[in-house]
Amino acid sequence: MMPTSVAVRGALAFALFSARALADDAPAAPAEALSAPAAAAPSPPAAPAVAPSVADAGRFEFGSYGRVRIASDLRGGVGRTVNVVANGTRIDEDSYAELELRREDTWKGGATTKVVATLALFSPFFHFSGRPEQQLAVRNLFVQGSVGSLTLWGGSRMYRGDDIYLLNWWPLDNQNTLGGGAAYAIGPDTTLAAHVGMQRLDNAYQSQQVLAVAPFGSGTVAVQQLDRPRTIESVKFTQLVRNGRLFQDPKAGFKWVLYAEAHQISAGVARDALTAQDRGLPQDYGFLAGAQLGIWSGERDTHLNLFLRHARGLAAYDPLAAPQTFANDKSTMGTTESLIALGGNYEKEAFGIVGGAYLRAFRDGDPSATTTQKFDEGTVVLRPQVYLGQHWGVGGEASFQARRLAVPDPEQTSQPLTASLWRFGVMPYFSPAGRGTFKRPQLRLVYVATLRSRGAQELYAAQDVFAQRSVEHFLGLNVEWWFNSSSQP
Amino acid sequence: MRVLVLGLGAIAALAVVATHTTACVQIPDQGKQPALATHVVDWRDEVIYQVLIDRFADGNINNNFGVRPGALARHQGGDWRGLEDHLGYLQEMGVTTLWISPIVKNVETDADVDSYHGYWAQDLTQLNPHFGDLASLRSLVASAHDRNMKVVLDIVTNHMGQAFYYDMNLNGHPDIYIGGTGTTSPLTRVSEYDPDWDARGVQAQTSLGLDGRAPMIFIDDPAINRVPPGCIDTLSPDGRCILGSPRGYHGFGRILNYDDDKQRMLGDFPGGLKDVATELDEVRQVMIDSYARWVELLDLDGFRIDTVKHVEHEFWQVFSKAVRQRLAAQGKANFLMFGEAFDGNDELLGSFTRPGELDSVFYFSQHFQVFRDVFQNAHDVKAQKGTSQIKTLWESRAKSYGSAPQENGIGVAPTKALVNFLDNHDVSRFLFEAQGDVPALRNALTLLLTEDGIPCVYYGTEQDFAGGNDPANREVLWTTGFATTGDTFRHVSKLAGLRRDYVALRRGDTKVVYATDHVGDESDAGVFAFERAAGDAGASYALVVMNTNARHKSTTSDASGMKVNAAAGSSLVDVLDPARTAYAVGSDQTLRLTLGAQSAMVLVPSGQVVH
Numbered sequence: 001m002m003p004t005s006v007a008v009r010g011a012l013a014f015a016l017f018s019a020r021a022l023a024d025d026a027p028a029a030p031a032e033a034l035s036a037p038a039a040a041a042p043s044p045p046a047a048p049a050v051a052p053s054v055a056d057a058g059r060f061e062f063g064s065y066g067r068v069r070i071a072s073d074l075r076g077g078v079g080r081t082v083n084v085v086a087n088g089t090r091i092d093e094d095s096y097a098e099l100e101l102r103r104e105d106t107w108k109g110g111a112t113t114k115v116v117a118t119l120a121l122f123s124p125f126f127h128f129s130g131r132p133e134q135q136l137a138v139r140n141l142f143v144q145g146s147v148g149s150l151t152l153w154g155g156s157r158m159y160r161g162d163d164i165y166l167l168n169w170w171p172l173d174n175q176n177t178l179g180g181g182a183a184y185a186i187g188p189d190t191t192l193a194a195h196v197g198m199q200r201l202d203n204a205y206q207s208q209q210v211l212a213v214a215p216f217g218s219g220t221v222a223v224q225q226l227d228r229p230r231t232i233e234s235v236k237f238t239q240l241v242r243n244g245r246l247f248q249d250p251k252a253g254f255k256w257v258l259y260a261e262a263h264q265i266s267a268g269v270a271r272d273a274l275t276a277q278d279r280g281l282p283q284d285y286g287f288l289a290g291a292q293l294g295i296w297s298g299e300r301d302t303h304l305n306l307f308l309r310h311a312r313g314l315a316a317y318d319p320l321a322a323p324q325t326f327a328n329d330k331s332t333m334g335t336t337e338s339l340i341a342l343g344g345n346y347e348k349e350a351f352g353i354v355g356g357a358y359l360r361a362f363r364d365g366d367p368s369a370t371t372t373q374k375f376d377e378g379t380v381v382l383r384p385q386v387y388l389g390q391h392w393g394v395g396g397e398a399s400f401q402a403r404r405l406a407v408p409d410p411e412q413t414s415q416p417l418t419a420s421l422w423r424f425g426v427m428p429y430f431s432p433a434g435r436g437t438f439k440r441p442q443l444r445l446v447y448v449a450t451l452r453s454r455g456a457q458e459l460y461a462a463q464d465v466f467a468q469r470s471v472e473h474f475l476g477l478n479v480e481w482w483f484n485s486s487s488q489p
Numbered sequence: 001m002r003v004l005v006l007g008l009g010a011i012a013a014l015a016v017v018a019t020h021t022t023a024c025v026q027i028p029d030q031g032k033q034p035a036l037a038t039h040v041v042d043w044r045d046e047v048i049y050q051v052l053i054d055r056f057a058d059g060n061i062n063n064n065f066g067v068r069p070g071a072l073a074r075h076q077g078g079d080w081r082g083l084e085d086h087l088g089y090l091q092e093m094g095v096t097t098l099w100i101s102p103i104v105k106n107v108e109t110d111a112d113v114d115s116y117h118g119y120w121a122q123d124l125t126q127l128n129p130h131f132g133d134l135a136s137l138r139s140l141v142a143s144a145h146d147r148n149m150k151v152v153l154d155i156v157t158n159h160m161g162q163a164f165y166y167d168m169n170l171n172g173h174p175d176i177y178i179g180g181t182g183t184t185s186p187l188t189r190v191s192e193y194d195p196d197w198d199a200r201g202v203q204a205q206t207s208l209g210l211d212g213r214a215p216m217i218f219i220d221d222p223a224i225n226r227v228p229p230g231c232i233d234t235l236s237p238d239g240r241c242i243l244g245s246p247r248g249y250h251g252f253g254r255i256l257n258y259d260d261d262k263q264r265m266l267g268d269f270p271g272g273l274k275d276v277a278t279e280l281d282e283v284r285q286v287m288i289d290s291y292a293r294w295v296e297l298l299d300l301d302g303f304r305i306d307t308v309k310h311v312e313h314e315f316w317q318v319f320s321k322a323v324r325q326r327l328a329a330q331g332k333a334n335f336l337m338f339g340e341a342f343d344g345n346d347e348l349l350g351s352f353t354r355p356g357e358l359d360s361v362f363y364f365s366q367h368f369q370v371f372r373d374v375f376q377n378a379h380d381v382k383a384q385k386g387t388s389q390i391k392t393l394w395e396s397r398a399k400s401y402g403s404a405p406q407e408n409g410i411g412v413a414p415t416k417a418l419v420n421f422l423d424n425h426d427v428s429r430f431l432f433e434a435q436g437d438v439p440a441l442r443n444a445l446t447l448l449l450t451e452d453g454i455p456c457v458y459y460g461t462e463q464d465f466a467g468g469n470d471p472a473n474r475e476v477l478w479t480t481g482f483a484t485t486g487d488t489f490r491h492v493s494k495l496a497g498l499r500r501d502y503v504a505l506r507r508g509d510t511k512v513v514y515a516t517d518h519v520g521d522e523s524d525a526g527v528f529a530f531e532r533a534a535g536d537a538g539a540s541y542a543l544v545v546m547n548t549n550a551r552h553k554s555t556t557s558d559a560s561g562m563k564v565n566a567a568a569g570s571s572l573v574d575v576l577d578p579a580r581t582a583y584a585v586g587s588d589q590t591l592r593l594t595l596g597a598q599s600a601m602v603l604v605p606s607g608q609v610v611h
């Protein structure tokens, strides 16, 4: 059944892995973060993870997350996403959906298991493109078992922590690998989780097959020429402070999280497609350290999260996004990423406001001081909402985002190019499940006006209308839902 | 509470680390708009080094699009950063000026050959991303200036890259086909990209006959950047650049006969490079604005101008004057403009240095008559010419080239500022033609770096590169490891040092004191000697003596001996000789010197020797 509040959802999640240290399959996404919200804050303690049962019992579950949008640019074209930062507002994000099938069992002796299979559907859908081929991805396909304070899992999994809903982004930890992990509840408020994952993207950075003469008979066989899986280890320590230990209100709480990743990729040899010459690629590595502070009131979904993260080398690149630029030894040596992010929600009576913001500095390993892969970026987005009765509401959204790239501005050539946007939107909606930022489903009418700087226009080819227009419109319908999904809070 | 403090402490530490390791992005100072300045006192003091950027050094692997190592007709990966990284190498060699290959965006590839050289311009306002960006090019120029090195940019005004095709069969797409019937007309191969010269303008025709001028159809192939050329916005209020319009081109097809003035001036350059209508004011303004803008953006010190003999003199008069005035108004004087006319005709070469035109040209006639005939051919007694040919050529300089500096130009008369060179990217390397005769190369370098004018060394010469014609003469330099210990490298370095130390070798007038027709077994076969003195050299004096003969010692004496202007009884020291051997000038001001095969002396008065 769909939990009725974020608090309850969080409680259940914590019961399993403590504040989503093993973050149950949030909707997950490739690099562009296609997906939906994970809950923002952990919640009060829950009952023991799984009550011991006297007999085997199990059930099948179906859950889903999804969003579908259709929009016009009011100039006769399709409304387009205009963000210039890696994680801009999601108000105009593209359609995406997940379908989850899950088997949950409780075994004699108290052990529990679940088997989760999540399929993701990517835009465009058939009724838009007329093409029956649907882009489909297997996201989750894992088994998890728990007994006592220990939880183990293995398989393909979206594995991540808290998100910033308006940015559709998991600023601290967001792993999408095949692997396994464990979580151990050191105490009722303390969890240590670890995971090891691997992926080998089907691109020239990690994988390449070449043809060779077949050893028997005639013809050819494929040989794996380049085989460079990335291995990622992560560890996460979560400490909750609650039940009146910090706040008088027992529903309120605080948590802090320490998080680290290590990334490795082996050396390899790639065959140049132009010359058929073999070229070496070096062994590479990286690490990441991060932290999170969270506070919640326990009332409705009110919470605030602060994230900090610093990464070096390979770890500065999302595992689903291969590096495009390198140091001259073809490694990611010298690459760094630093970010600070803030996300939160406040609801009281007929009013609510949800927001998100971040600052991020990314520097690639390119020996040149001026590349598009050296940049500072940030955004701030606020969405106040007024609830009109139990099922209706009107949201407004204002946001600013900017990316400053270490390349000369074409007009002010001594200055770096700065691309920025102001965005203003209004979003009346129908919320059958009632009031609340995170109540779903929602059916929305969305209008967004975007004021684009000259620098933002410079990012596009001269022939693109985005290089020529300073104002963009987006008017459309948008629906979003989630229910009974282990990806969702 | 303890865990709370611990956690907050760790988080604070992380924040401190992150903020202290990351500063805001900015354009480095070297990449910012430079202030224009005059960096050159006298261009004769300079030693130019010609760099084909794609071949010199690969400083950044991230711009290596389409690189095919070893295939010299393709990109190899060199860039501006690579050159900047190795300025120390060039400085050690004595180079003071870099001539860099064209920087503008090119059509990427044509007929399975890449535009690694930069001469297939597509957009005169954009930089070629293979070589870096504006900041990296500025950084190169600024770093060069920091080392008191200058930068000369290679530009092309005669033609653009393969921007369009002639739709000769009116079928709307570019074809390469066989034309003619084989009976009533000969079978011919027709390329609509690069059709042969037609004095009527390239004609469209079908089996029924002629259809008039073939439409010039601009190609839109973004994959290889073969798209209509653009201009600076302010030049195209109608949104269309003259270089992206058929109006901007002559449309006569490829030059077949370079001796035909009309073909030479109006024909396309071989390879489908479309001849620009430089007689149009609009085109002239595009060229002026486009190239002067790069000087303003980069603080360049000069232009090497490609294919000048294919552009009318009136263009050079307008272009030169406008560029000089525009730059002088911004504080840049002594801006050098020298042209390339691939021709051995002194009269033709000199015509581009007429008053109001260019400061200088490549001394191509010397390339043929001296470095080829006298030095490269030293291994072949039947082909080698006597050094009297050098004397004859030099004596015609004053007549052929301008004797007064250009107004607002470099302050040196063209006849004294010719750019001397052994070889370049358009001809096979010296050692290829000399069949590996390294002593001949070093002897030729001695002449190059001691004679009147501005010496120019083609990259790789110092490493004894010996490639044949294009593209074999465009080898990758980084395979040498930038070694500075080779004999030729050290020889160039030493000669450049002498040129720096002795003003006579830079600014002195030239007087040939010994030349001969002899190339065989004669005792003075191959001897050549000239003095550098007076002029702008003050009291400085130098006497250069060389033996171009590859087979035996030769002596500077025939029936009349070698009379010099050094004082009788004075002592001249060979500063090229590590032993600094001294020679006494005879009481009758004659010298009798014996030189080994393919060797040289640079003699200066003992009182002027720089230690």
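Chains as they are written, first to last, in the numbering used here: chain A, 1 to 489; chain B, 1 to 611.
We put the beta carbon where it would ideally sit given N, CA and C, even for glycine.
Less than 9 Å separates the beta-carbon of K255 (chain A) from that of T238 (chain A). Counting the other CB atoms within 10 Å of its CB gives N565 (chain B) a total below 16, which places it among the exposed residues. Each of B:R200, B:Y514, B:S290 was checked against the Cα of I232 (chain B), and the nearest Cα belongs to B:S290. When DSSP states are grouped into helix, strand and coil, G286 (chain A) belongs to the strand group. Relative to E347 (chain B), the option among B:S320, B:Y401, B:G356 whose CA is nearest is B:Y401. Taking H313 (chain B) as the centre and dropping the five residues before and after it, the same chain places the C-beta of S351, F352, R354, E357 closer than 8 Å to its C-beta, in chain order.
Only buried fits C241 (chain B), as 16 or more other CB atoms lie within 10 angstroms of its CB. Scanning the segment 270-317 of chain A from its first residue to its last, the whole beta strand (DSSP E) runs of 3-plus residues come out as 278-281, 284-296, 303-313.
Runs of alpha helix (DSSP H) with 4 or more residues, each lying fully within the segment 53-77 of chain A, are absent. Pairing Q369 (chain B) with G344 (chain B) gives a Cβ-Cβ distance under 9 Å. In the three-state reduction of the DSSP assignment, S420 (chain A) falls in the strand class, which pools E and B. When rounded, the separation of the alpha-carbon atoms in K494 (chain B) and L576 (chain B) is 8 Å.
When DSSP reads this structure, N478 (chain A) sits in a beta bridge with A:R69, A:R444.
In the three-state DSSP reduction, E397 (chain A) falls in the strand class (E or B).
In the three-state reduction of the DSSP assignment, P455 (chain B) falls in the strand class. Any Cβ of chain A closer than 9 Å to the Cβ of S143 (chain B) would place that residue at the interface, and such an atom is absent.
With contacts defined as CB atoms closer than 9 Å, V190 (chain B) and M168 (chain B) qualify as a contacting pair. Per DSSP, H491 (chain B) lies in no beta strand (DSSP E); the unbroken alpha helix (DSSP H) holding it starts and ends at 487-501. In this chain, R80 (chain A) is not harboured by any beta strand (DSSP E), its DSSP state being neither H nor E. The beta carbon of T332 (chain A) sits closer than 6 Å to those of D284, G313, L314, P323, G365, all from its chain and outside the five residues before and after it, given in chain order.
Distance from the CA atom of R404 (chain A) to the CA atom of V503 (chain B), rounded to whole angstroms, is 51 Å. For E282 (chain B), the uninterrupted alpha helix (DSSP H) segment begins and ends at 281-298. With contacts defined as CB atoms closer than 9 Å, V380 (chain A) and F400 (chain A) qualify as a contacting pair. Residues of the segment 411-443 of chain B with a Cβ closer than 8 Å to any Cβ of chain A: none. One alpha carbon belongs to G145 (chain A), the other to R160 (chain A), and they sit about 18 Å apart. CA-CA distance, N408 (chain B) to E411 (chain A), rounds to 30 Å. The beta carbon of I27 (chain B) sits closer than 9 Å to some beta carbon of chain A. Along the segment 365-387 of chain A, the positions whose C-beta sits under 8 Å from a C-beta of chain B are D366, P367, S368, A369, T370, T371, K374, F375, D376, read in chain order. Among the residues of the segment 406-426 of chain A, those with a Cβ less than 9 Å away from any Cβ of chain B are A406, V407, P408, D409, P410, Q412, T413, S414, Q415, P416, in the order of the chain. The alpha helix (DSSP H) runs lying completely inside the segment 102-178 of chain A and spanning 4 residues or more are 126-129, given in chain order.
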